[in-house]
Structure formats: structure tokens, C-alpha cells
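Chains as they are written, first to last, in my numbering: chain A, 2 to 115; chain B, 57 to 165. Where a beta carbon is used, it is the ideal one built from N, C-alpha and C, also for glycine. Quick caveat, the model's predicted, so the values are computed rather than measured. Working notes for the structure below.
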Amino acid sequence: AQSVAQPEDQVNVAEGNPLTVKCTYSVSGNPYLFWYVQYPNRGLQFLLKYITGDNLVKGSYGFEAEFNKSQTSFHLKKPSALVSDSALYFCAVMGLGNDYKLSFGAGTTVTVRA
Amino acid sequence: DVKVTQSSRYLVKRTGEKVFLECVQDMDHENMFWYRQDPGLGLRLIYFSYDVKMKEKGDIPEGYSVSREKKERFSLILESASTNQTSMYLCASGLEKLFFGSGTQLSVL
Numbered sequence: 002a003q004s005v006a007q008p009e010d011q012v013n014v015a016e017g018n019p020l021t022v023k024c025t026y027s028v029s030g031n032p033y034l035f036w037y038v039q040y041p042n043r044g045l046q047f048l049l050k051y052i053t054g055d056n057l058v059k060g061s062y063g064f065e066a067e068f069n070k071s072q073t074s075f076h077l078k079k080p081s082a083l084v085s086d087s088a089l090y091f092c093a094v095m096g097l098g099n100d101y102k103l104s105f106g107a108g109t110t111v112t113v114r115a
Numbered sequence: 057d058v059k060v061t062q063s064s065r066y067l068v069k070r071t072g073e074k075v076f077l078e079c080v081q082d083m084d085h086e087n088m089f090w091y092r093q094d095p096g097l098g099l100r101l102i103y104f105s106y107d108v109k110m111k112e113k114g115d116i117p118e119g120y121s122v123s124r125e126k127k128e129r130f131s132l133i134l135e136s137a138s139t140n141q142t143s144m145y146l147c148a149s150g151l152e153k154l155f156f157g158s159g160t161q162l163s164v165l
């Protein structure tokens, strides 16, 4: 079985400060890893993915994520947060050969204060 | 612009009613998915489909069924709605990268 853990329900940061949203995963074999974002009253949007290659992945809106195989983590980062980054963030994992089933974490609510 | 369209944004139904949630995608994707989103639980996969007339159970299929008669349309059916099916339902299509609809907030009274 595959699963994702997002240990923080909420993350609060000041605008301009670095933002980190944590994610750990469990899967058989090599994982495909994803981050999605849900802005208030809107559907989920794809941010970035890791399939293979460079452990640091860059995505939309200035976000990046670092794949760490030894720690089974895929933390989302942004060097300088904006108020508009306030949203609900989901980490997701897909195991290779698992029929493209995506398993999501519980989500982390990010609040960026001005 | 790619689109996944869910037919209703809000629905209110009574216990025992049969409920249909419709989803249409315009990207010619073979894979389509139905998730439900509940606070603190994230998204949980109900059913998915790889092709027309094909369906696979997800993690929480009990109380639900699906229909995929055409490639672009994937319907979720609640045979007899219950209060514990009150939730936000999200449809998605795609392969590795998923495109999501805006969701249907279903309330079962």
C-alpha cells in the first residue's frame, strides 16, 4: 500500500519569509511524487512533480521541492512567501506499476500574513 | 484551456435518494477519477476508469458506483444516499498530472 503523511495541519509564515511544507511518503519501489494546491473555492491545481533525475524539482509560482530518498521525504519550499500563497497544499504519491492511482495526504493549510 | 467540468457546484439531497454526479473532460484523457475530500482526511479515491466501460475500485468504493459510457464522461452514482456521504466530490482526468474539476459539495439530509 502507498501513503503520504503531511505532519503539519497548518503552517503560518510572514510575507517574505521562507515557506516549507513537509511531506513524507511510503511506497513500494520508486515513487512518483506530486504537489497540488487548492485556493479558496477553487479546484486543485498541479504545482510540480518528481519522476526521476535531479532531486530538486522546480514548479509553478516559484515553488520547488526536494526529493530525499533516504528520508522518504518530498518537502515543498518557496524562498520568499507571498500573501497570495495562502492556500491548502496536498502532497501525493503514485507507485510505479500501481495503475496510476494517486494517493493524497491530508493537506496542509498555509497562511501567509502581510 | 483544458477543462474538467462537474455538472453541479452544490447539491442537497435526502437520505435514500439516488444521486448522480456528472463529470466531463475535453482533453481526450483515457484515465478519469472520482475523489471525495473531507477536512483532515485529504482526498480519498472512490473509483477510477482507464477506458470506456472500464472501472476500478479505489480505496473507498462502498456505497458508490460509476458509469463510463463515453470517453469524455465519467459519472459517480450514489445508489441510496446517506448522511455520511455528505462531502466535497472531485473529478479528475489525466495520466501522471491530473486536472481537477471545481468540485461538487453534496449535502445529504
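- Of the candidates 165(B), 105(B), 149(B) and 158(B), 149(B) places its Cα closest to the Cα of residue 84(B).
- Counting only residues of its own chain and dropping the five nearest sequence neighbours on each side, residue 95(A) has a CB closer than 6 Å to the CB of 33 and 103.
- Under DSSP, residue 95(A) takes part in a beta bridge, and its partners are 33(A).
- When Cβ-Cβ separations below 8 Å define contact, residue 102(A) makes contact with chain B.
- In this structure, residue 165(B) and residue 71(B) form a Cβ contact; the two beta carbons are roughly 7 Å apart against a cut-off of 8 Å.
- Taking the Cα positions, residue 77(B) is about 24 Å away from residue 106(A).
- Burial check for residue 58(B): the Cβ neighbour count within 10 Å stays below 16, so the residue is exposed.
- Interface annotation for the region 97-109 of chain B against chain A: 97, 98, 99, 100, 101, 104 and 106, criterion Cβ-Cβ distance under 8 Å.
- For the options 93(A), 88(A), 101(A) and 92(A), the alpha carbon positioned closest to that of residue 112(A) is the one of 88(A).
- What residue 54(A) touches in chain B, judged by beta-carbon distance under 9 Å, is nothing: the nearest beta carbon there is about 14 Å away.
- The C-alpha of residue 56(A) lies about 11 Å from the C-alpha of residue 74(A).
- For residue 107(A), at least one C-beta of chain B is nearer than 8 Å to its own C-beta.
- For the 8 Å CB-CB criterion, residue 37(A) and residue 93(A) form a contact.
- Nearest neighbour of residue 2(A) by Cα position, chosen from 95(B), 115(B), 82(B) and 67(B), turns out to be 115(B).
- Scanning 118(B), 101(B), 122(B) and 117(B) for the CA closest to the CA of residue 109(B) turns up 122(B).
- Across the region 24-47 of chain A, CB contacts with chain B closer than 9 Å involve 33, 35, 37, 39, 42, 43, 44, 45, 46 and 47, in sequence order along the chain.
- Where residue 83(B) is concerned, there is no enclosing beta strand (DSSP E), because DSSP gives it neither an H nor an E.
- In terms of Cα proximity to residue 51(A), the closest of 65(A), 40(A) and 90(A) is 65(A).
- It is roughly 48 Å from the alpha-carbon of residue 126(B) to the alpha-carbon of residue 15(A).
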